[in-house]
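A quick write-up on the structure given underneath.
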Amino acid sequence: MVQRVETFPCEDGEIQRVQVVQLDSFSKFHFQRPQYSPRSFEQICRLYEEYFVKKYAAFMGKILFFQADEEIEVPMQNTGCGDLYDPLNALTLFFRENISYQKGEMVFHCEKAKEIYERLLTKKKLYLAEGKRNKIYLLPVGNGMGFLSQSFPDSDMAVNSSFFVMNLNEFGSIYDYAGIPIGLMIEGGKILSPPQFGRQAFLVRKDGTVSIETVRLGQVSVGIGELLFEDGRNCEFIERPAQKKTGRGKTDIVLVDSKVVAVHRGGGTQIPCGGFVIRTDLDVPDLKQASVSYHGMEDVEFGIQVGNSAIVDGVKTDRFLSPFYKVQNLFSAPYPPSMYPQNYKKARAPRILFGADISGKPMVAWIEGAGKFGHVKQEEGAGASLSESAEIAEKIGMHNAVHLDGGGSAQILVRGKKELKVSDRDPTDYSENERAIPLALVFKG
C-alpha cells in the first residue's frame, strides 16, 4: 500500500487537496459495519439541528428523532402495513398513529404513546428538534451506526462506502429509517446487498476484468428461506422511483437492508426508499426468521454501486449517468440520495473516488471539502464538483472510478490515521465533527 497527498490550484484561488491510496488487490477489501456507538444518535440529531433546523427554521416543522428500545413493548396494530418484523418499524407506525403537534403542543392520542415517548426521552433515545412550523415529522434512527475512527483499529485502510438513508424526504414509508445502506455490494463472489435504482456499479470479475456498468435489481434473484424469487417469472420486484405504492391484491414482501421487515397480504404497500418490494401470487409463509440471499452475478469477485462514475476506461465522465432524485421535482417519488445531483460542473463538495489504475490495481482517493464553518481559503481544500472530480481522477492515474459516499461522511483512515479534514465542523470553535456511518469498506493486507 502506497499513499500520498497532492494539492491542485483552482482558478478562483482555492486549492484542492487529495489523499491518494494505491493498493494491491480487490480481494482484500471487506464491507464491514462499524462498532455501534450510542453517540451516533446524538450526533445525527445535532447534525439536523445545526445544519437544517436552525438554518431553515421558518420552513421546518418539529422533527421527532427516536430509536427502538428492546425493553419497551410497542402495541402492534394492523393499519395496512402488514405483519411487521422490525421493532423500529412498529414504533414508527405507532407514533404516526398516536402523536401529533397542534397549536404549539405535542398531542398524545393515547396514554401508551405518552408513556413510550417519556421513557425513550429518559433513555436518551428520543429528541425533538423544533423548527417554527406547526407540523411534526418522524425520523426513526437505526441502531447500527458508528464512527470510522473508533471501529477498525486493525485495518490497513478504512473508508466510508455506501450512500445511506438520511434526509427527511427519503422516509417514504414506515419501513425507512436513518442508516439504511443502499446499493450493490459483492465480496468474494457473494452478493451481500442487491443493486438498486439502476445506477452505475464498479465491478471486478473473477478473471480480473475491471468495468463500470449499469446494474439493475431485476438482474438478481432473491432467495428467502425455501423460496426463490425471480423478477418476471414468479413475482415482480418493485422499487422507487417507479412506484410509491403497490396495487391491490397479491402478497407483498418488504425487504430493507437485506432483511424481510414485513409481509403484507392484499397489497397496497408503501415502497421503502431504502429497500424494495417483492410482489407475488405464491403462498408465502411467516418469514420472520427467514434468511435472505441473492444470486445471479457469480462471475463477479468484487462490486460496489454508489454514485456516478468519474472516469470509465480512461474517458472522463461529463454528465450524470446514474439516475438520482431531484429535489426540485416535487411530483416524483423520492429515493436516496436526494442532495447528490447538484450542479455537475459547479457544486463543490468533499468526494471519495474508488477505482483502479490502467493495470487494474485498486485506487482510493479522498478530495477534501471546505469546512461547513470556518473554512480558510488556501489552507484547506475547497472540495470538487463532479466535473472537477473527474479531472482529478485522471490526474492521479485512475482509469476506472466511481464516487463513493462523499459530503460530510467523506474520510479515509490509513492505519487509523487521518491525513485530511472532514467538512462537518462545530460552529463554536470550528473543530471537526466526524459523521456516523452504517457501513465501511475496509482493506486488510
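Just so you know, we're using my numbering here: the sequence shown kicks off at 783 and counts up by one.
Backbone N, C-alpha and C fix where the C-beta goes; we use that ideal spot for every residue, glycine too.
No experiment lies behind these values; they were computed from the predicted model shown.
Between PRO1118 and GLU952, the C-beta gap is smaller than 8 Å, which places the two residues in contact. Counting only unbroken stretches of 3 or more residues, the beta strand (DSSP E) elements lying wholly within the region 966-996 are 967-969, 972-975, 982-987, 992-996, in sequence order. Secondary structure at LEU829: helix, using DSSP grouped into helix, strand and coil.
One thing to note: GLY1050 has its Cβ no nearer than 8 Å to the Cβ of LEU1037. Ranking ASP868, GLY1000, GLY1029, SER1205 by CA distance to the CA of LYS1070 puts ASP868 first.
Beta bridge pairing from DSSP links TYR818 with GLY928. Contact check for ILE826 against ALA1218 passes: the beta carbons are separated by less than 8 Å.
It is roughly 34 Å from the alpha-carbon of GLY980 to the alpha-carbon of LYS837.
By the 16-neighbour rule on beta-carbons within 10 angstroms, GLU1080 is exposed. For GLY1085, the number of other beta carbons within 10 angstroms of its own is at least 16, and it is reported as buried. With a cutoff of 8 Å on beta-carbon distance, PHE1225 and LEU805 are scored as near each other. ALA940 has LEU1195, VAL1224 as its beta-bridge partners, per DSSP. Assignment of ARG1061 by DSSP, reduced to helix, strand and coil, places it in the strand class. Taking the Cα of LYS972 as reference, the smallest distance to any Cα among PHE813, ASN949, ILE854 is reached at PHE813.
For the pair ALA1131 and LEU930, the CB atoms are not nearer than the 8 Å cut-off.
With a cutoff of 8 Å on beta-carbon distance, ILE1053 and ILE1020 are scored as near each other. With contacts defined by Cβ atoms closer than 8 Å, MET939 and MET783 form a contacting pair. Within the same chain, Cβ atoms closer than 7 Å to the Cβ of SER1191 are found at ASN942, ARG1217, ILE1219, the five residues on either side in sequence being excluded.
A residue is called buried when at least 16 other Cβ atoms come within 10 angstroms of its Cβ; PHE877 meets this threshold and is buried.
Only residues of its own chain outside the window of five on either side were considered, and among them ILE1053, ALA1115 have a CB closer than 8 Å to the CB of GLN1025, listed in chain order. A Cβ-Cβ contact shorter than 8 Å links GLU1083 with VAL986.
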